[in-house]
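Structure first, then comments.
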Amino acid sequence: MSLKDSLNRRGNSPMKDVWRKLKMNRWAMISLVVVVLLVIAAIFAPYITPYDYAKQDYANVLKSPSMEHPFGTDNFGRDVLSRIIYGSRYTVFIGLGCITISSILGVSLGLIAAYFSKLDNIIMRTLDIIIGMPTMTLLMCIIAVLGVNITNMIIALCVTSIPNFARIARAQALTVKNQEFIEAAIAIGADDKRIVLKHILPNSIAPIIVEFSLGASQIVLLSASLSFIGMGVQPPTPEWGLMISAGRPYLRSAWFMSIIPGLAIILLTFVLNYLGDGLRDALDPRLNK
Amino acid sequence: MVKYVLRRLISMFLVLLASVTIIFTLMYFVPGDPAISLLGEGATVEAVRDIHEKLGLDDPYIVRLGRYMWGFLHGDLGASYRSKRPVFNELLARYPTTLTLSFGSTALGVIIGVSVGIISAVKQYSMFDRIFTTISLFGASAPSFWIAMVLVLLFSLWLGWLPATGSYGIKYWILPVFTLGLQCSASIMRMTRSSMLEVIRQDYVRTARAKGQSELNVIVNHALRNALIPILTTVGIKLCGFLGGAVLVETVFALPGLGKFILDSVTFQDYPVVQGGVVWICLNCIVITFLVDLLYGLVDPRIRSMYEIKKPQRSQSSGGH
Chain A
851 MSLKDSLNRR
861 GNSPMKDVWR
871 KLKMNRWAMI
881 SLVVVVLLVI
891 AAIFAPYITP
901 YDYAKQDYAN
911 VLKSPSMEHP
921 FGTDNFGRDV
931 LSRIIYGSRY
941 TVFIGLGCIT
951 ISSILGVSLG
961 LIAAYFSKLD
971 NIIMRTLDII
981 IGMPTMTLLM
991 CIIAVLGVNI
1001 TNMIIALCVT
1011 SIPNFARIAR
1021 AQALTVKNQE
1031 FIEAAIAIGA
1041 DDKRIVLKHI
1051 LPNSIAPIIV
1061 EFSLGASQIV
1071 LLSASLSFIG
1081 MGVQPPTPEW
1091 GLMISAGRPY
1101 LRSAWFMSII
1111 PGLAIILLTF
1121 VLNYLGDGLR
1131 DALDPRLNK
Chain B
3 MVKYVLRRLI
13 SMFLVLLASV
23 TIIFTLMYFV
33 PGDPAISLLG
43 EGATVEAVRD
53 IHEKLGLDDP
63 YIVRLGRYMW
73 GFLHGDLGAS
83 YRSKRPVFNE
93 LLARYPTTLT
103 LSFGSTALGV
113 IIGVSVGIIS
123 AVKQYSMFDR
133 IFTTISLFGA
143 SAPSFWIAMV
153 LVLLFSLWLG
163 WLPATGSYGI
173 KYWILPVFTL
183 GLQCSASIMR
193 MTRSSMLEVI
203 RQDYVRTARA
213 KGQSELNVIV
223 NHALRNALIP
233 ILTTVGIKLC
243 GFLGGAVLVE
253 TVFALPGLGK
263 FILDSVTFQD
273 YPVVQGGVVW
283 ICLNCIVITF
293 LVDLLYGLVD
303 PRIRSMYEIK
313 KPQRSQSSGG
323 H
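Protein chains in written order, with my numbering: chain A, 851 to 1139; chain B, 3 to 323.
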């Protein structure tokens, strides 16, 4: 990198820097586009689905993929493609919602733990216990207590993904906290809130963004898994995990009913993982020399 | 080393008690009267009162927690509402299935993941590397129950080579073990690759080559040995995950394991089993984490000497990624 480039870079905020580096990774950008397209599909589902997702048609039950029904029809004659597009609403919004809530809560906890060292031990040891339990078991335990429905599934998913954010934010904040510009901020009389939100947070943001992407893919997988075993979204909702579960008895005669919704899950988690990896590469200072 | 093991044993015990407390507290807030669950809807007031007295359901929270803890330390996790048998025995009956599945698939995952990961790292950016990093990312993105169903579709329904469900012999284990093994090999491969890439360009690897050691010796004894710690962490996390998380695969293949048992108990609101099962899985995970920590010391003399001189560092598992 030439001197001119590094001079130009100085004015960039960390967020702009991330964006600039991400743009150089073609496959990561393609992944980002796919994620955005899926979100758009979820929002405009009613306008792009060829059929009504709930309309039953007993004349066309378990029909193989054809021109009329590209992904076939299910055991009630409902169009699988339309149900997958509608299903993206649940998956995408549960994923985005959970990851947003848990990143905000987790990062706050992590920053508090790093900045107020008195609370550090109590916060982090509690979260360590949550991390120590196997995710699926903990999810089942929380949902068993709260009751089976979407809201409780979202709460449980948030509980399991908060600790990761807290850990990452804390580790980042601890390294930033002792740097000179923080000292300078304290010296000119900035209050705690300003230091944490304006100085520590923006300088700790990079690994948090990576976890946002990777964590979202985990949540998509887990929410589909929970729905699959009947502890998440309930029928007849067109949720991807649920559609796979509904197709199980018909695996022999109508494989597309459960295999294709699985491909939809994989598409979403794959691009989120790929995006996360791309972001990590873009943000790793060791790779940026 | 002995001192370190003792200290870890004590902290392990404390973590265990904390986990039991958290799980007990969670389950304490389950709505509904256990006595009604035990006796059924039509129970008389006297019968309900009897049960309340017998099980001490009216005692304050702290007394009940203490009693549960005491029972737990003596291998008594209460009795199932459904079968009326001790939860502990019920769990033990399902334990071998889960253990076989977890250890079998982890072993398979390690064999595939570590070897593919090493080759990928040694031949970085080669065709092999590109293909297998993409496949492994795919494997890490696919839900295990979906992989299970694809394997059933291919090998049981279309080819007819292997049975789809049940657990009556070695043939029945192949598909479940492969499902989880392939899935966990994906993360192990990714971790092996990135961890190997960190060490493979180090000076001591070059020195080993310069000394004229065989390539195999350089890769296995110099590079892999130094890259092993993060791989061990991943294997530990995967193994813990399987003990409870195999529920998805157990569901697809109708295997009577712990995860499926807990899931069914949630459906039947058999809360002593849920509570006991989760506690039991946590106990297993804590022991596995402990063993993995000890392995760090065995693998890396630097960590071993650290234990001997000063206080051990806080465990530094990277939480999956």
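For each residue, glycine too, the CB sits at the ideal point set by N, CA and C.
The model shown is predicted, which means the values in this text are computed figures rather than measured ones.
Residue i versus residue j - alpha carbon distance
{"i": "A166(B)", "j": "L159(B)", "result": "8 Å"}
{"i": "L164(B)", "j": "P920(A)", "result": "31 Å"}
{"i": "F105(B)", "j": "V268(B)", "result": "26 Å"}
{"i": "V152(B)", "j": "E1089(A)", "result": "19 Å"}
{"i": "V868(A)", "j": "A878(A)", "result": "12 Å"}
{"i": "L110(B)", "j": "L241(B)", "result": "12 Å"}
{"i": "C1008(A)", "j": "S21(B)", "result": "19 Å"}
{"i": "H323(B)", "j": "Q185(B)", "result": "Caution applies to H323(B), whose pLDDT of 39 falls short of 50 and renders its modelled position unreliable; the model cannot decide the point."}
{"i": "A1034(A)", "j": "A1040(A)", "result": "9 Å"}
{"i": "R208(B)", "j": "L103(B)", "result": "41 Å"}
{"i": "R975(A)", "j": "I951(A)", "result": "21 Å"}
{"i": "G168(B)", "j": "R203(B)", "result": "48 Å"}
{"i": "S1075(A)", "j": "T899(A)", "result": "25 Å"}
{"i": "S1(B)", "j": "K5(B)", "result": "Look at the range of chain B in this structure, 3 to 323, and you will see that residue 1(B) is not part of it."}
{"i": "L1072(A)", "j": "L230(B)", "result": "28 Å"}
{"i": "T291(B)", "j": "I1036(A)", "result": "41 Å"}
{"i": "L1117(A)", "j": "G141(B)", "result": "12 Å"}
{"i": "A210(B)", "j": "F130(B)", "result": "25 Å"}
{"i": "L931(A)", "j": "S1108(A)", "result": "12 Å"}
{"i": "N1053(A)", "j": "L969(A)", "result": "22 Å"}
{"i": "R1098(A)", "j": "Y174(B)", "result": "18 Å"}
{"i": "F1106(A)", "j": "G1080(A)", "result": "21 Å"}
{"i": "N1002(A)", "j": "H224(B)", "result": "49 Å"}
Reduced DSSP secondary structure (H/G/I, E/B, other) of residue i
{"i": "P36(B)", "result": "helix"}
{"i": "P258(B)", "result": "coil"}
{"i": "T23(B)", "result": "helix"}
{"i": "D272(B)", "result": "coil"}
{"i": "D1041(A)", "result": "coil"}
{"i": "D61(B)", "result": "coil"}
{"i": "I81(B)", "result": "A quick correction: the sequence has Ala, not Ile, at residue 81(B). Of the three classes helix, strand and coil, the one that applies to A81(B) here is strand, per DSSP."}
{"i": "P88(B)", "result": "strand"}
{"i": "S307(B)", "result": "helix"}
{"i": "Y897(A)", "result": "helix"}
{"i": "R1102(A)", "result": "coil"}
{"i": "M125(B)", "result": "The sequence given here has Lys at residue 125(B), not Met. Three-state DSSP puts K125(B) in coil, outside helix and strand."}
{"i": "R203(B)", "result": "coil"}
{"i": "L161(B)", "result": "coil"}
{"i": "K871(A)", "result": "helix"}
{"i": "Y30(B)", "result": "helix"}
{"i": "M3(B)", "result": "coil"}
{"i": "D131(B)", "result": "helix"}
{"i": "T108(B)", "result": "helix"}
{"i": "T46(B)", "result": "coil"}
Rounded Cβ spacing between residue i and residue j (contact assumed at less than 8 Å)
{"i": "A892(A)", "j": "R939(A)", "result": "5 Å"}
{"i": "I283(B)", "j": "L245(B)", "result": "5 Å"}
{"i": "S1077(A)", "j": "L1092(A)", "result": "5 Å"}
{"i": "I190(B)", "j": "V112(B)", "result": "6 Å"}
{"i": "I80(B)", "j": "G261(B)", "result": "Note that residue 80(B) is Gly in the sequence shown here, rather than Ile. At roughly 20 Å, the Cβ-Cβ gap does not stay under 8 Å, so G80(B) and G261(B) are not in contact."}
{"i": "G247(B)", "j": "T987(A)", "result": "7 Å"}
{"i": "I1050(A)", "j": "Y965(A)", "result": "7 Å"}
{"i": "T100(B)", "j": "V237(B)", "result": "So it is not a contact: roughly 17 Å between Cβ atoms."}
{"i": "I1115(A)", "j": "V1070(A)", "result": "7 Å"}
{"i": "T135(B)", "j": "L67(B)", "result": "Not a contact, Cβ separation roughly 48 Å."}
{"i": "L265(B)", "j": "M990(A)", "result": "6 Å"}
{"i": "I1058(A)", "j": "A1019(A)", "result": "6 Å"}
{"i": "R84(B)", "j": "F270(B)", "result": "6 Å"}
Within chain E, partners of residue i - CB distance below 7 Å
{"i": "I1079(A)", "result": "No chain E is present in this structure, whose protein chains are A and B."}
Could I get the ranges of all uninterrupted alpha helix (DSSP H) runs contained in the segment 1049 to 1099 of chain A, with 4 residues as the minimum, in chain order?
Assignment of alpha helix (DSSP H) within the segment 1049 to 1099 of chain A, counting only whole runs of 4 or more residues, yields 1051 to 1078, 1090 to 1097 in chain order.
Between the segment 142 to 158 of chain B and chain A, which residues of the former have CB atoms less than 7 Å from a CB of the latter, in chain order?
The segment 142 to 158 of chain B vs chain A, Cβ under 7 Å: A142, S143, A144, P145, F147, W148, M151, V152, V154, L155.
Which residues, taken in chain order from the segment 977 to 989 of chain A, show a beta carbon closer than 7 Å to some beta carbon of chain B?
When C-beta distances to chain B are compared with 7 Å, the residues of the segment 977 to 989 of chain A below that value are I979, I981, G982, M983, P984, T985, M986, T987, in chain order.
For the segment 1106 to 1131 of chain A, list every residue whose C-beta sits within 7 Å of some C-beta in chain B, in sequence order.
Within the segment 1106 to 1131 of chain A, the qualifying residues are S1108, I1109, G1112, I1115, I1116, T1119, F1120, N1123, Y1124.
Contact residues within the segment 181 to 207 of chain B, judged by C-beta distance below 7 Å to chain A
Against chain A - using a Cβ distance shorter than 7 Å - the segment 181 to 207 of chain B contributes no residues.
Threshold first: 4 residues or longer. Then list the alpha helix (DSSP H) segments lying entirely within the segment 902 to 977 of chain A, N to C.
Restricted to the segment 902 to 977 of chain A, the alpha helix (DSSP H) segments that are unbroken, complete and at least 4 residues in length are 930 to 965, listed in chain order.
Taking only beta carbons into account, state which residues of the segment 20 to 37 of chain B come closer than 7 Å to chain A, listed in chain order.
Per Cβ criterion, the list reads A20, S21, I24, I25, L28, M29, F31, V32.
Alpha helix (DSSP H) runs wholly inside the segment 975 to 1032 of chain A, at least 4 long, in chain order:
Contiguous alpha helix (DSSP H) elements confined to the segment 975 to 1032 of chain A occur at 985 to 996, 1000 to 1027, taking only those with 4 or more residues.
Please list, in chain order, the residues of the segment 129 to 143 of chain B that have any C-beta partner in chain A closer than 8 Å.
Correct list: L139, F140, A142, S143.
Could you list the residues in the segment 924 to 948 of chain A with a C-beta less than 8 Å from some C-beta on chain B, going in chain order?
Against chain B - using a Cβ distance shorter than 8 Å - the segment 924 to 948 of chain A contributes no residues.
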